[in-house]
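Structure, as structure tokens:
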Amino acid sequence: MAENIARVLADAVASDPTRPLLTWYDDATGERTELSGATLANWVAKTGNLLVDGIALGPDDSAGVLLPPHWQTAAVLLGCWSAGLTVAEAPGPVDVLFAAADRVGEADAWPAGERYALALAPFALPLREVPPGFADYVVEVRGHGDHFTPYGGGGPVEQDLLAEARARATAAGLASGDRVLVDAARHPDPVDWLLAPLAAGASIVLCGNVDESRLPARREAEKVTRDLP
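According to our numbering, the residues represented by the sequence shown are 4 to 232, in order.
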């Protein structure tokens, strides 16, 4: 059993770094972004380095994440956990805040020393206009290294998240090698859309703004073996 979330990711990547680990669809824009395990791990490493080397955060520090299910959200969350940060569940002071461009207005409820905004645009394009008081995550993270040594521990909050994820994976019948289709609107909790499949050794087909008419062909094209109920 993996001891922390960073280990869960490492195990998911190690089986085959080249296989698609997270595939993102946005039916509103037509975007499809596929990340292999190696590519997702690269984004996570850059995020960890941004946090640790860039702004000197680590264990006992906290992050606010005002982001919907998305492949960039996966990189942010996994990067935070790899660096030993606690992802806050409720508004309040945090050491770093990550917010979608359409949610920066909520920042007053999340006082933070460092703040990053995300456009969540196709091809990881930067923001057209960076909100005052924020830096552009995509621009900042690209300058950091591709290798990161995760924090070796896993505090009580992280252990609870993993236990919940494993229970969710078991309840959903997820198994190693599964290709799991997830409706982002139905499963906004990262324990569901991100951690449960990873803990089971499954890969993720995450779909936003779902057009139901496209799902049958998508299931076939992506070799989906299970929908997250």
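Virtual Cβ for every residue (Gly too), placed ideally from N, Cα, C.
It should be emphasised that the depicted structure is a prediction, and the values quoted were computed from it without experimental measurement.
query: Reference Gly-82, options Val-68, Glu-92, Ala-172, closest by Cα; result: Val-68
query: DSSP state of Met-4 mapped onto helix, strand, coil; result: Because the pLDDT at Met-4 is just 42, under 50, the model does not fix this residue reliably, and the value given afterwards should be weighed accordingly. Coil at Met-4, not helix or strand.
query: In DSSP terms, what Cys-210 is bridged to; result: Tyr-28, Asp-186
query: Candidates Ile-207, Arg-145, Ala-220, Ala-203, of which the one nearest Gly-57 by Cα; result: Arg-145
query: Identified DSSP bridge partners for Arg-131; result: None, per the DSSP bridge assignment.
query: Secondary structure of Val-2, DSSP reduced to three states; result: No answer is possible for residue 2: the residues shown for the chain start at 4 and end at 232.
query: C-alpha distance - Leu-60 paired with Val-97, whole-angstrom precision; result: 11 angstroms
query: Segment limits, alpha helix (DSSP H) that includes Thr-76; result: 74–85
query: For Pro-135 and Thr-32, believed in contact at Cβ under 8 angstroms, the rounded distance; result: Actually they do not touch by this definition, with Cβ atoms about 26 angstroms apart.
query: Short Cβ contact (8 angstroms threshold) for Leu-201 with Val-11; result: yes
query: One or two residues paired with Asp-139 in a DSSP bridge; result: Ala-120
query: Rounded separation between Ala-1 and Thr-89 - CA only; result: In this structure the chain extends from 4 to 232, so residue 1 is not present and cannot be described.
query: Selection from Ala-120, Ala-103, Pro-94, Arg-106 that minimises the alpha carbon distance to Pro-114; result: Pro-94
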